[in-house]
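Numbering follows full-length UniProt numbering, in which position 88 of the sequence shown is assigned residue number 88; successive positions increment by one, without gaps. Virtual Cβ for every residue (Gly too), placed ideally from N, Cα, C. Read through the structure below, which is laid out as structure tokens, and then see the notes.
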Amino acid sequence: MSLMPTVLVVDDDPSIVELIKDFLENEKFEVRTACDAAEAWKIFQQQAIDCLVLDIMMPGENGFDLCRRIRRDSDVPILFLSARSDDVDKIRGLTLGGDDYIVKSASPGRSWPV
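Below, the structure written as structure tokens:
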């Protein structure tokens, strides 16, 4: 059993996952990762998670649906991290139970699909 808070990072982009994981581990968080909602749900059911960083656009079940499922049983903090920047997406994420909504920034030479 870890004394460090555990964060579950859910994103289908391995470079984003590694960046967030490295940052959080440097800040003394225990980090679990998943590349899709099905894997995230399995981890969530098997281990105590203190916070989720959750992408919206993933193959299969999207982040909104996973948030809805988690909110049926848990009030764990959920931070959406998405390339979707429309206000309607932000409102939807927060209405479904997200605690914050952060828009991914595009770096030079890279554009995020919307």
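Give the secondary structure of residue i by DSSP, where H, G and I count as helix, E and B as strand, and everything else as coil.
{"i": "E27", "result": "coil"}
{"i": "S82", "result": "strand"}
Please go through the same chain and pick out, in chain order, the residues whose beta-carbon is closer than 7 Å to the beta-carbon of residue i, but skip the five residues on each side of it.
{"i": "T33", "result": "V9, V17 and K21"}
Taking C-beta to C-beta, are residue i and residue j nearer than 9 Å?
{"i": "residue 153", "j": "V88", "result": "Since the first residue of the chain shown is 1 and the last is 114, residue 153 is not available in this structure."}
{"i": "D13", "j": "P59", "result": "no"}
Within a Cβ cutoff of 8 Å, which residues of the same chain sit near residue i, ignoring the five residues on either side of it in sequence?
{"i": "S82", "result": "D55, I56, M57, G63, D89, G93, Y101, I102, V103 and K104"}
Grab me the residues of residue i's own chain with a C-beta within less than 6 Å of its C-beta, minus the 5 sequence neighbours each way, in chain order.
{"i": "D50", "result": "P5 and T6"}
Nearest-angstrom Cα distance between residue i and residue j?
{"i": "P108", "j": "L3", "result": "For P108, the pLDDT reaches just 43, beneath the cut-off of 50, and the residue's location in the model is therefore unreliable, leaving the point undetermined."}
{"i": "V114", "j": "C35", "result": "Caution applies to V114, whose pLDDT of 41 falls short of 50 and renders its modelled position unreliable; the model cannot decide the point."}
Legend entry - the region 17-29 contacting the region 56-72, beta-carbon criterion three pairs below 8 Å: no
Legend entry - Three CB pairs or more closer than 8 Å across the region 30-50 and the region 94-107: no
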